[in-house]
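Since the structure comes first, as structure tokens, the remarks are kept for the end.
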Amino acid sequence: KQEVTQIPAALSVPEGENLVLNCSFTDSAIYNLQWFRQDPGKGLTSLLLIQSSQREQTSGRLNASLDKSSGRSTLYIAASQPGDSATYLCAALNDYKLSFGAGTTVTVRA
Amino acid sequence: DGGITQSPKYLFRKEGQNVTLSCEQNLNHDAMYWYRQDPGQGLRLIYYSQIVNDFQKGDIAEGYSVSREKKESFPLTVTSAQKNPTAFYLCASRDGDLPQHFGDGTRLSIL
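If you're matching them up, the sequences are chains A and B in order.
Just so we're aligned, residue 69 is where the first sequence starts under my numbering, counting upward by one.
Just so we're aligned, residue 229 is where the second sequence starts under my numbering, counting upward by one.
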């Protein structure tokens with residue numbers, strides 16, 4: 069059974085600092101790894117998807133890396149802004165099923 | 229504008245009552261999913277359906293039931309057998325290995 073872990077559970081940084089969010093998974097036989105953003109009381113918004121054959125994906129200030137052999141993915145957010153405050157979840161896709169981490173709650177202080 | 233619509237946004241259940249959460253998508257996706265989210269935990273899979281008239285149990289299916297009579301619709305019933313139903317319920321759909329799309333969720337509470 070796939071187990072996904074996100075550390076730390078919470079993070080508070082001053083505006084402008086770069087963010088580094090970690091995700092680890094136990095079963096490396098994944099199809100892809102996805103990063104989502106969740107605002108309070110809302111559903112999930114997809115940020116980045118990395119296919120198993122890829123090493124990284126970039127979108128604007130966001131960059132996600134994937135190391136299947138070590139079971140790790142990292143989400144980098146450059147030059148953080150107060151609007152980046154949210155919970156970030158990673159999820160690993162095996163066959164039909166996405167397995168989620170518990171998330172990292174980020175607070176960016178103005 | 230394509231997306232997933234969940235209703236209602238808030239729902240209250242009395243003891244011994246079954247309640248049904250609605251999920252409708254206009255993305256033409258074959259696969260649909262129901263998740264439960266509790267504070268401080270990741271999403272847990274309740275049921276999923278990869279095609280009309282077919283669905284499978286996820287990790288925490290006990291006390292829940294679903295149907296998939298139409299491609300667009302995947303309602304979830306929380307039965308009286310589910311003893312701890314208070315949670316945030318999220319519906320999602322997916323096309324192949326593309327990103328999953330999520331609805332805005334239904335928050336279920338006990339009266």
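Every residue, glycine too, gets a C-beta built ideally from N, C-alpha and C.
Under a criterion of Cβ atoms nearer than 7 Å, the residues of chain A adjacent to P327 (chain B) are, in order, Q102, S114, L117.
Under the Cβ criterion of 8 Å, Y99 (chain A) is counted among the residues facing chain B.
As DSSP reads the structure, Y144 (chain A) sits in a beta bridge with A:V88, A:N131. With respect to the 8 Å criterion, F168 (chain A) and A154 (chain A) are not classified as neighbours on the basis of their beta carbons. For the pair S96 (chain A) and T142 (chain A), the Cα-to-Cα distance works out to about 15 Å. Around the beta carbon of L326 (chain B), a 10 Å sphere encloses fewer than 16 other beta carbons of the protein chains shown; the residue is thus reported as exposed. Check the Cα spacing between T113 (chain A) and each of A:V176, A:D152, A:R177: the tightest is with A:D152. Per DSSP, the beta bridge partners of H329 (chain B) are B:S321. If you look at S277 (chain B), you'll find it in the beta strand (DSSP E) that goes 272 to 279. For Y276 (chain B), the neighbours in chain A by C-beta distance under 7 Å run, in chain order, Y164. Residue state for P82 (chain A) is assigned as strand, using DSSP reduced to three classes. Chain-order list of chain B residues neighbouring G139 (chain A): empty, with the shortest C-beta distance near 16 Å, by a criterion of under 9 Å.
S148 (chain A) places its beta carbon 8 Å or farther from that of E71 (chain A).
Per DSSP, the beta-bridge partners of S235 (chain B) are B:S250. When only Cα atoms are considered, S92 (chain A) and G286 (chain B) end up about 22 Å apart. Contact annotation: G291 (chain B) and T314 (chain B) have beta-carbon atoms that are not nearer than 8 Å. Chain B has a Cβ within less than 8 Å of the Cβ of K110 (chain A).
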